[in-house]
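Here the structure comes first, spelled out in structure tokens, and everything after it is commentary.
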Amino acid sequence: MIAGQRLDDQKITCIRNELRDGLDWLLLVNRAMQEGMAAMFYVHARDLELFVLMPQWVEEKLKDVYHRTIFHNLKILGFLNELGEVLKKRRVPVIVLQGASLLKDVYKDIGIRPMEDIDMMVRSKDRMRLRQILEEMGYSRDPIYENTYRKGIIYLDLHTDTLSSERISARKWIMSTDSTHFWDSAVPLLKKEIPVFRLSTYDNLIALSMHLLKHNLTRLVWFVDIMEAIFKEGDTFDWQDFAGYSRMVGGDRCILYMLLLLKNLVDMKLPDSVLSELGANNLSRIEKFILRLRLANEDTGFLPQLLWLFQIRQKSKRLFFVWENIFPKKEIMEQISPSSAHALPPYAIRLIYLLCHGFHNLSSAVRIATKRRLPRL
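Residues 397 to 773 (my numbering) are what the sequence shown spells out, left to right.
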């Protein structure tokens with residue numbers, strides 16, 4: 397009910413009634429933290445004067461999260477401005493991805509959107525130059541993840557496209573476009589005179605949706621990112637044009653999943669015609685089952701990763717996609733499972749791990765479906 401920067405009167409009334417009835421406050425705070433919604437909950441409770449209905453320690457905890465989020469995000473914005481001035485001199489452009497691309501533009505109060513790292517896209521030809529710039533600025537490269545940098549509380553993760561296909565090359569089949577398109581339509585993030593950009597609105601929505609699927613449809617804050625990025629456009633957002641664009645670049649299936657989940661998780665109002673145009677009436681039983689599990693707030697494990705197969709249009713490529721995700725290239729395996737004294741080879745360990753967890757995820761999902769009625773899409 398607290399998901400979003402704006403709450404209608406009906407939601408506010410429901411929240412007041414729930415709080416008056418009393419809740420498991422520790423569970424509430426922990427869940428808000430887990431979902432990335434603690435700071436947003438604090439702002440709503442503060443503005444609506446709801447803390448009189450809660451123990452004092454709840455207000456203190458959420459207030460602390462909010463203030464720490466402001467501090468962290470100010471550091472991030474300061475870094476992006478500082479980096480932008482250097483990049484301007486070196487003529488190296490970057491595109492900021494995920495949550496950091498929404499600060500200030502979508503989230504007017506930067507204290508309500510927690511950040512863990514900054515995902516940043518750079519052209520392949522400029523990656524080594526950007527690495528050198530970061531090292532000159534005092535950032536240290538992670539010894540295992542070569543595209544990850546850190547200085548103090550600022551973490552950076554460098555990419556050459558929105559799908560991290562430099563790690564799993566088969567991901568390039570997920571969309572029918574390449575990163576050149578993203579650069580052509582990128583817009584300035586902070587100031588026009590510095591080469592720090594964000595994706596265009598449509599591209600950003602697709603990238604946010606794919607990032608959420610990559611992380612198994614888990615945290616509520618990532619759903620809110622998508623919803624708020626759409627709301628920010630107001631009445632000018634052209635749903636039909638967006639649906640057509642998503643189909644053109646090959647992001648339509650992933651967008652459909654996210655819109656269906658947003659409609660049911662946070663009661664987001666959507667034109668039914670758009671869902672139909674994106675293929676809501678053509679979902680397979682597997683797709684529906686996984687999405688309904690998520691709506692039931694059940695742990696889906698990595699079952700949502702199966703949804704990528706429906707995103708890849710060329711059926712012949714799906715087997716290669718599965719193979720490379722199970723058996724990635726050697727340097728990626730070193731990051732997943734660094735060399736150790738295991739008796740079995742790393743790939744054998746990974747296969748056993750995936751088989752065991754896959755069986756557990758599937759059996760748990762079947763057990764849940766037989767014990768309770770899953771929500772309908």
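Built from N, CA and C at the ideal position, the CB exists for glycine as well.
Ile491 is positioned such that its CB atom lies no closer than 7 Å to that of Phe437. With a threshold of 16 other beta carbon atoms within 10 Å, Pro539 falls short and is exposed. Closest in alpha carbon position to Val670, among Tyr641, Asn693, Ile514, is Tyr641. Per DSSP, reduced to three states, the secondary structure at Thr409 is helical.
If you draw a straight line from the Cα of Arg649 to the Cα of Ser560, it comes to about 19 Å. Taking the CA atoms as reference points, Asn543 sits about 31 Å from Ser712. Boundaries of the beta strand (DSSP E) harbouring Leu554: 550 to 555, taken from the DSSP string.
Membership of Asp599 in the alpha helix (DSSP H) is indicated by the continuous run 597 to 610. By the C-beta density criterion, Ala744 is exposed, having fewer than 16 other C-beta atoms within 10 angstroms. Contact annotation: Asn600 and Gly697 have beta-carbon atoms that are not nearer than 7 Å.
The C-alpha of Ser605 lies about 30 Å from the C-alpha of Arg487. Rounded to the nearest angstrom, the Cβ distance from Val592 to Leu476 is 6 Å, consistent with a contact under 8 Å. Under the DSSP definition of a beta bridge, Pro584 partners with Phe593. With respect to the 7 Å criterion, Ala603 and Leu613 are not classified as neighbours on the basis of their beta carbons.
Where Met436 is concerned, the enclosing alpha helix (DSSP H) starts and stops at 434 to 443. Check the Cα spacing between Leu403 and each of Gln430, Asp420, His440: the tightest is with His440. Taking one beta carbon from each stretch, the segment 452 to 467 and the segment 518 to 530 have fewer than 3 pairs nearer than 8 Å; the two do not touch. The straight-line gap separating the alpha-carbon atoms of Ile529 and Glu478 is approximately 11 Å. Val482 and Lys628 do not touch by the CB rule: their CB atoms are close to 29 Å apart, not below 8 Å.
Gln707 and Ser572 have their C-alpha atoms spaced approximately 10 Å apart. Check the Cα spacing between Met533 and each of Ile411, Ile550, Asn469, Ile748: the tightest is with Ile550.
DSSP assignment within the segment 475 to 516 yields the following whole beta strand (DSSP E) runs of 3 residues or more, N-terminal first: 490 to 493. Looking at the DSSP output, Ser536 shares a beta bridge with Arg546.
For Met664, the secondary structure class from DSSP, reduced to helix, strand or coil, is coil. Here Phe578 has Ile491, Thr558, Leu595, Asp599 as same chain residues with Cβ atoms under 7 Å from its own Cβ, once five neighbours each way along the sequence are excluded.
Within the same chain, Phe716, Phe717, Glu720 come within 6 Å of Ala566 by CB-CB distance, once the 5 residues on both sides are set aside. In the three-state reduction of the DSSP assignment, Asn693 falls in the coil class, being assigned neither a helical nor a strand state. The residue among Ala496, Tyr462, Leu609 with its C-alpha nearest the C-alpha of Leu699 is Leu609. Under the three-state reduction of DSSP output, Thr558 falls in the coil class, being neither helix nor strand.
In the structure shown, Asp420 adopts coil according to DSSP, grouped into three states. For Lys725, the secondary structure class from DSSP, reduced to helix, strand or coil, is coil. About 7 Å separates the Cβ atoms of Phe619 and Leu657, confirming a contact at the 8 Å cut-off. With a 10 Å radius around the Cβ and a threshold of 16 neighbouring Cβ atoms, His607 comes out buried.
The three-state secondary structure of Phe578, taken from DSSP, is helix. Per DSSP, Thr632 lies in no alpha helix (DSSP H) and is assigned neither H nor E.
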